[in-house]
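Right, one structure below, let's go through it.
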Amino acid sequence: GDPYKFNKKLKFPSQLLDAIQEGDPLRVQQLLQGSDGILQQQADGEDRAWREALNLAIRTGGGEIAGALLRYVKFDFRQIHEALLVAVDTSQPQVVRLLLERLDQEKSLKVDIKSFSLAFFDRSIDNACFAPGVTPLTLACEKDLYEIVDMLVRKGHAIPRPHTISCACLECSNGRKYDLLKFSLFRINTYKGIASRAYLSIASEDAMLTAFKLSRELQCLSCKEPEFKPEYLSLEVLSQEFAFELLGMCRNQSEVTAVLNDLGDSEEEEELDSQAFEEGIPNLARLRLAVNYNQKRFVAHPICQQVLSSIWCGNLSGWRGSNTLWKVFVSCSIFLTMPLLCLVYWIAPKSRVGKMLKIPVIKFLLHSASYLWFLIFLLVESIVLEHKHHIFLGRSQPMWENSLHMVWVAGFFWYECKEVWIEGLHSYLLDLWNCLDIVILSLYLASFALRVLVSGRGHLHCLDAPSSPECYYFTRAGRHEWQPEDPQFVAEVLFAVTSMLSFTRLAYILPAHESLGTLQISIGKMIDDMIRFMFILMIILTAFLCGLNNTYVYYQESQRLGNFNETFQFLFWTMFGMEEYSVVDLPQYALAQFVGRALYGIFTIVMVIVLLNMLIAMITNSFQKIEDDADVEWKFARSKLYLSYFREGLTLPVPFNIIPTPKSLFYSVRGIFRFICCSKPKRQPDYPPIPTIDVGLGGENRRSYRLQVIKALVQRYIDTARREFEESRRKDLGNRITELNKSVSRLHTEVKHLHHSPPARPAPASPPAGASVLHRYILRVQDSVQNFGQASGGSGLGSPAQVLVHQARAAGNDPQPDPEELSLGPQHTMSPGDGAEEGDQAGEPEDPSPCPAGEADSGPSL
Ligand SMILES: [Zn+2]
Numbered sequence: 001g002d003p004y005k006f007n008k009k010l011k012f013p014s015q016l017l018d019a020i021q022e023g024d025p026l027r028v029q030q031l032l033q034g035s036d037g038i039l040q041q042q043a044d045g046e047d048r049a050w051r052e053a054l055n056l057a058i059r060t061g062g063g064e065i066a067g068a069l070l071r072y073v074k075f076d077f078r079q080i081h082e083a084l085l086v087a088v089d090t091s092q093p094q095v096v097r098l099l100l101e102r103l104d105q106e107k108s109l110k111v112d113i114k115s116f117s118l119a120f121f122d123r124s125i126d127n128a129c130f131a132p133g134v135t136p137l138t139l140a141c142e143k144d145l146y147e148i149v150d151m152l153v154r155k156g157h158a159i160p161r162p163h164t165i166s167c168a169c170l171e172c173s174n175g176r177k178y179d180l181l182k183f184s185l186f187r188i189n190t191y192k193g194i195a196s197r198a199y200l201s202i203a204s205e206d207a208m209l210t211a212f213k214l215s216r217e218l219q220c221l222s223c224k225e226p227e228f229k230p231e232y233l234s235l236e237v238l239s240q241e242f243a244f245e246l247l248g249m250c251r252n253q254s255e256v257t258a259v260l261n262d263l264g265d266s267e268e269e270e271e272l273d274s275q276a277f278e279e280g281i282p283n284l285a286r287l288r289l290a291v292n293y294n295q296k297r298f299v300a301h302p303i304c305q306q307v308l309s310s311i312w313c314g315n316l317s318g319w320r321g322s323n324t325l326w327k328v329f330v331s332c333s334i335f336l337t338m339p340l341l342c343l344v345y346w347i348a349p350k351s352r353v354g355k356m357l358k359i360p361v362i363k364f365l366l367h368s369a370s371y372l373w374f375l376i377f378l379l380v381e382s383i384v385l386e387h388k389h390h391i392f393l394g395r396s397q398p399m400w401e402n403s404l405h406m407v408w409v410a411g412f413f414w415y416e417c418k419e420v421w422i423e424g425l426h427s428y429l430l431d432l433w434n435c436l437d438i439v440i441l442s443l444y445l446a447s448f449a450l451r452v453l454v455s456g457r458g459h460l461h462c463l464d465a466p467s468s469p470e471c472y473y474f475t476r477a478g479r480h481e482w483q484p485e486d487p488q489f490v491a492e493v494l495f496a497v498t499s500m501l502s503f504t505r506l507a508y509i510l511p512a513h514e515s516l517g518t519l520q521i522s523i524g525k526m527i528d529d530m531i532r533f534m535f536i537l538m539i540i541l542t543a544f545l546c547g548l549n550n551t552y553v554y555y556q557e558s559q560r561l562g563n564f565n566e567t568f569q570f571l572f573w574t575m576f577g578m579e580e581y582s583v584v585d586l587p588q589y590a591l592a593q594f595v596g597r598a599l600y601g602i603f604t605i606v607m608v609i610v611l612l613n614m615l616i617a618m619i620t621n622s623f624q625k626i627e628d629d630a631d632v633e634w635k636f637a638r639s640k641l642y643l644s645y646f647r648e649g650l651t652l653p654v655p656f657n658i659i660p661t662p663k664s665l666f667y668s669v670r671g672i673f674r675f676i677c678c679s680k681p682k683r684q685p686d687y688p689p690i691p692t693i694d695v696g697l698g699g700e701n702r703r704s705y706r707l708q709v710i711k712a713l714v715q716r717y718i719d720t721a722r723r724e725f726e727e728s729r730r731k732d733l734g735n736r737i738t739e740l741n742k743s744v745s746r747l748h749t750e751v752k753h754l755h756h757s758p759p760a761r762p763a764p765a766s767p768p769a770g771a772s773v774l775h776r777y778i779l780r781v782q783d784s785v786q787n788f789g790q791a792s793g794g795s796g797l798g799s800p801a802q803v804l805v806h807q808a809r810a811a812g813n814d815p816q817p818d819p820e821e822l823s824l825g826p827q828h829t830m831s832p833g834d835g836a837e838e839g840d841q842a843g844e845p846e847d848p849s850p851c852p853a854g855e856a857d858s859g860p861s862l
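Numbering (the working numbering), first residue to last: 1 to 862.
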């Protein structure tokens, strides 16, 4: 063509928007058509108008019109990007494909996909109701449009991971400086895409592992960026839910085994695999990862629970089904025969009894029994103290008589050391119960050490000079002569506190029982609430303490107030109504008495009426919250308990574990021997091969098998989601059609009524025609009732709206059913739907109205 034509730019045709609105592709084509096949440039300054035209074309659902626009006009990259967002927003895969193809042709524009994904764009996109950071891919992910996500991912689109919150790179610091809100929104919107089911299932190799990691990441983010905590937490719930549902897609045991046992290639793998389990127990690395990552829903999934409890009972398959009485009997007999059982295990760990003791549930009972024995010994010791009161008054008490519990303490100490050795210090300290164990043990040891100190010093002093006052002080002095900070005082107090704390370790055992475990979790959460409450309580108490003390400190007449210690006690017991109110009286000094009484009154009201009741309300509330998902919480706690008993070693319960077994003696001798001979011991495999169908396969094959399984699970998941989506849409349409049918039948009876009643007006030529129109119309409705099952996808989008419009018009006609209007209505609205041609039964509610063909036929005959 001539250069003039080539340079000419297309002005925006004013009727274009109307043509698009009407949905007339021919007219659009006429308006845009140039002479040759070359794309026409847009005239300057009309960017906005073209943008709107293209978006409108996509929104009105005409793939054809959008195609025409793209065919004749040269759109630039940003316009197409926005159009792509609109197409994704309205869920039209065909249009998305069209735009993507177009974008491919625009490659000459040198727009790389990375910057496209980043989409830190100008204001014009901000006007277009899409938030910063929303790209076609994130939008499609957010809406869970699997088809479009798949298409985009294939085209090479990806969601880049946002940098960490505290990232100091140039890009981040600029972003923060330039627009902080945009920066944060960008991050959230990106995570919205990453955490969506569609993206997790399509874009990641191991969807389950990705979901775990993402959930943990989001948990961290919700703490680091507390302004957006609810947003992050809701995303976190979403990704937890995803892993949960994915696991639910497993169909047989070998799939479950493959999914739960191995971990991907990551650094966590090594840490988790380093903990060996008992022989014959699969390593459950992924399940343990889920426990570590706090994936409560996942761990409480029936599939996980089934695997865990089957391992828990080992080959005692009868245990799970047996009744409570039998279980109690077995537990009691283990409790009583514990020393005997331990002896058998000590001598012959590979015997039948020895192997039985290694079954987790028996191991658990054995350890619980040993702990109960320890507590019983503590109680017995306190009773002995009470009865032999005279002996324990002074220094003369025998050191060993009340130190029997130290045997257990030594056992616990050794046990904890082994635990640290097996788990590694880091993961050992992560469990707060272990920290409590350390505290208890060190208190016991401190108390014992102080007593050793007292008797040691006494012994030494008396050895040097038997008549010195030191010798007298440490051996024969009476309790009243001791200094207030005497080591024995401290030791006794420490022992008292520690023996109380020892009972808290029963909390290890309780999760094994359903209702006790649930209750324990509730109490734990309540204590959590209490601590926060205590903080406020302390503030208020201190305030009043200060006020009352300062009021009374000048008056000698007041006996108790005016002294910090006494005032504190007074206020504390007032909370429980255990003090005399007359304490605040100060008859000689009216002003001080008035102020003191007023302060006291306000304190009572604030404490007793407001705060204590608030505490009760808080506790009720948190109890209710726990109760709501008590099942999940309990199962999670129980799974932790189960897993801790699956570990190798630590079979012998506490007081017996300090006696070295022949087995360990043999190993240590062999170790020493090898060390001397300088031959490096061969490393044993850390865990036994997993008993699955692919025992013979190597690690690489197992890995690929696992990935295959996960792929299959994801596929099933996507299929299910799609089915559900279609189902809900169908139901929705079904309801609308039923309503429509009702109104049509009502209309029909009204028309019939009209035909019957007024014979006054001579029937014009139209009634038969009108009736036949009505007939056709009803037939069409019937048709569409049967056909709209396949009115899914892009083409179906229009139909529900059409139906609605139609129904509204039909209803509007009711009051004055003029036959002419009636005949007009259907023709206007009932343009054959897009899906109406594809004849396919979709299991729709067969129209329930009694009106159809037969009655309609009777119309013309009248
Ligand atoms: Zn950065």
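Quick reminder that beta carbons are idealized off the backbone N, C-alpha and C, glycines included.
With three or more C-beta pairs closer than 8 Å as the rule, is the region 553–569 touching the region 650–664? Contact between the region 650–664 and the region 553–569 is absent, because fewer than three Cβ pairs lie under 8 Å.
Segments of 4+ residues assigned as alpha helix (DSSP H) that fall wholly inside the region 576–629: 590–604 and 612–628
Contacts around GLY562, its chain only, beta-carbon distance under 7 Å, and the 5 residues preceding and following it disregarded: Numbered from its first residue, the sequence shown carries residue 562 at position 562. Sequence-distant partners of GLY562 (beyond 5 residues in either direction) whose C-beta falls short of 7 Å from its own C-beta, in its chain, are ASN549, TYR552, VAL553 and TYR555.
8 Å Cβ shell around ILE162 - same chain, five flanking residues per side excluded: Along the sequence shown, read from residue 1 onward, the residue named residue 162 stands at position 162. Before going further, note that residue 162 is Pro rather than Ile in the sequence given. Closer than 8 Å at Cβ, skipping near neighbours: PHE186, ARG187, THR190 and TYR191.
So, for VAL88: in the same chain, excluding its five sequence neighbours on each side, which residues have a beta-carbon less than 8 Å away from its beta-carbon? For the purposes of this step, residue 88 is taken as residue 88 along the sequence shown, with counting starting at 1. Closer than 8 Å at the Cβ level, and outside the excluded window around VAL88, lie VAL96, PRO136, LEU139, ALA140, LYS143, LEU145 and ILE148.
Around ligand 1, Cβ to any heavy atom closer than 6 Å, ordered along the chain: HIS163, CYS167, CYS169, GLU171 and CYS172
Would you say the beta carbon of ASP104 is closer than 7 Å to some non-hydrogen atom of ligand 3? Ligand 3 is absent from the structure shown, which contains only ligand 1.
What is the DSSP secondary structure of SER447, counted as helix, strand or coil? Stepping through the sequence shown from its first residue, residue 447 is reached at position 447. SER447 falls in the helix class under three-state DSSP.
Flag this pair as touching only if the region 377–384 and the region 350–359 have three or more C-beta atom pairs under 8 Å; answer yes or no. no
Would you please state the rounded distance, in angstroms, between the beta carbons of TYR371 and LEU357? I believe it to be under 8 Å. The residue given as residue 371 occupies position 371 in the sequence shown. The residue given as residue 357 occupies position 357 in the sequence shown. Incorrect: roughly 16 Å between the Cβ atoms, too far for contact.
Give every residue of the same chain whose Cβ lies closer than 6 Å to the Cβ of PHE623, excluding the five residues on either side of it in the sequence, and list them in chain order. The count along the sequence shown starts at 1 and reaches residue 623 at position 623. Cβ neighbours of PHE623 beyond the five flanking positions: SER522.
Quick check: the Cα distance between ARG730 and ALA721, rounded to an integer number of angstroms? Counting from one through the sequence shown, the residue named residue 730 turns up at place 730. Counting from one through the sequence shown, the residue named residue 721 turns up at place 721. Spanning the alpha carbons of ARG730 and ALA721 requires a straight line of approximately 14 Å.
Residue of TYR473, TRP421, THR210 and VAL490 minimising C-alpha distance to TYR444: Residue numbering aside, residue 444 sits at position 444 when the sequence shown is read from its first letter. Of the candidates TYR473, TRP421, THR210 and VAL490, the one whose C-alpha sits nearest the C-alpha of TYR444 is VAL490.
Which residues in the same chain have their Cβ closer than 7 Å to the Cβ of GLU566, if we skip the five residues on either side of it in sequence? Residue mapping note: residue 566 aligns to position 566 of the sequence shown, counting from 1. Here the set comprises ARG560.
Under 8 Å by Cβ, that's how I've got TYR293 and SER215 pegged, so tell me the actual separation to the nearest angstrom. For the purposes of this step, residue 293 is taken as the residue at position 293 of the sequence shown. For the purposes of this step, residue 215 is taken as the residue at position 215 of the sequence shown. About 6 Å; that satisfies the 8 Å criterion.
Among residues of its own chain, excluding the 5 on either side of LEU103, which ones have a beta-carbon nearer than 7 Å to its beta-carbon? Position 103 of the sequence shown holds residue 103. So the qualifying residues of the chain are ILE80.
For GLN593, which residues in the same chain have their Cβ closer than 8 Å to its Cβ, ignoring the five residues on either side in sequence? Locating residue 593 in the sequence shown gives position 593, counting from the first residue. When the five nearest sequence neighbours on each side are left out, the beta carbons in the same chain lying within less than 8 Å of the beta carbon of GLN593 are those of VAL584, ASP585, LEU586 and PRO587, in order along the chain.
Nonlocal neighbours in the same chain, by C-beta distance under 8 Å from LEU873, ignoring five residues either side: The structure shown does not extend to residue 873, since the chain spans only 1 to 862, so no value can be given for it.
Go to SER184, then tell me how far its alpha helix (DSSP H) extends in each direction, as first and last residue. Here residue 184 refers to the residue found at position 184 of the sequence shown. First-last of the alpha helix (DSSP H) with SER184: 180–194.
With a cut-off of 8 Å, do at least 3 Cβ pairs link the region 510–520 to the region 633–653? yes
For GLY458, which residues of its own chain have a beta-carbon under 6 Å away from its beta-carbon, when the five flanking residues on both sides are left out? Counted from its first residue, the sequence shown places residue 458 at position 458. If we look at GLY458 and ignore the five residues flanking it on each side, its Cβ neighbours are PHE474 and THR475.
Using CA coordinates, which residue listed in HIS748, SER515, ASN741 and PHE535 is at the minimum distance from VAL632? To locate residue 632, count along the sequence shown from 1; it is residue 632. The option with the nearest alpha carbon to VAL632 is SER515.
Using DSSP with H/G/I as helix, E/B as strand and the rest coil, what is ASN741? Along the sequence shown, read from residue 1 onward, the residue named residue 741 stands at position 741. Helix.
Three-way DSSP call (helix, strand, coil) for ALA465 in this model: The residue given as residue 465 occupies position 465 in the sequence shown. Of the three classes helix, strand and coil, the one that applies to ALA465 here is coil, per DSSP.
So for HIS661, helix, strand or coil by DSSP? Counting from one through the sequence shown, the residue named residue 661 turns up at place 661. Rather than His, the amino acid found at residue 661 in this sequence is Thr. Coil.
Same chain, Cβ closer than 7 Å to LEU393, five either side skipped, listed in chain order: Translated into positions along the sequence shown, residue 393 becomes position 393. These residues qualify, in order along the chain: ARG479.
Expected contact under 8 Å - CB spacing of PHE374 and TRP408 to nearest Å: Sequence index remark: in the sequence shown, residue 374 carries index 374 (1-based). Sequence index remark: in the sequence shown, residue 408 carries index 408 (1-based). About 4 Å separates the beta carbons of PHE374 and TRP408, which is inside the 8 Å limit, making them a contact pair.
How is VAL134 classed by DSSP in three states: helix, strand or coil? Here the question's residue 134 lines up with position 134 in the sequence shown. Correct three-state label for VAL134: coil.
ILE362: buried (16+ other C-beta within 10 angstroms of its C-beta) or exposed? Numbered from its first residue, the sequence shown carries residue 362 at position 362. Buried: at least 16 other Cβ atoms inside 10 Å.
Assign SER14 to buried or exposed, taking buried as 16 or more other Cβ atoms, counted over all protein chains shown, within 10 Å of its Cβ. By 1-based counting over the sequence shown, the position of residue 14 is 14. Label assigned to SER14: exposed.
Cβ-based neighbour list, ILE658, same chain, cut-off 6 Å, excluding 5 preceding and 5 following: Counting from 1 along the sequence shown, the entry for residue 658 is found at position 658. Hits under 6 Å: ALA410, GLY411 and TRP414.
Contact set for PRO764: own chain, Cβ-Cβ below 8 Å, skip 5 residues either direction: Taking the first residue of the sequence shown as position 1, residue 764 is located at position 764. Legend: pLDDT at PRO764 = 49, less than 50; position of this residue unreliable, no value from coordinates given.
Quick check on the DSSP output: the alpha helix (DSSP H) that includes ARG297 runs from which residue to which? As a first step, residue 297 is located in the sequence shown; it is residue number 297 there, counting from the start. Membership of ARG297 in the alpha helix (DSSP H) is indicated by the continuous run 296–299.
What's the C-alpha gap between ILE438 and PHE564? Walking along the sequence shown from the start, residue 438 turns up at place 438. Walking along the sequence shown from the start, residue 564 turns up at place 564. So the two alpha carbons sit approximately 35 Å from each other.
If we count Cβ pairs, one from each stretch, closer than 8 Å, do we get three or more for the region 22–33 versus the region 64–72? yes
What are the boundary residues of the alpha helix (DSSP H) that includes ARG352? The residue you call residue 352 lines up with position 352 of the sequence shown. From DSSP, the alpha helix (DSSP H) with ARG352 extends over 352–357.
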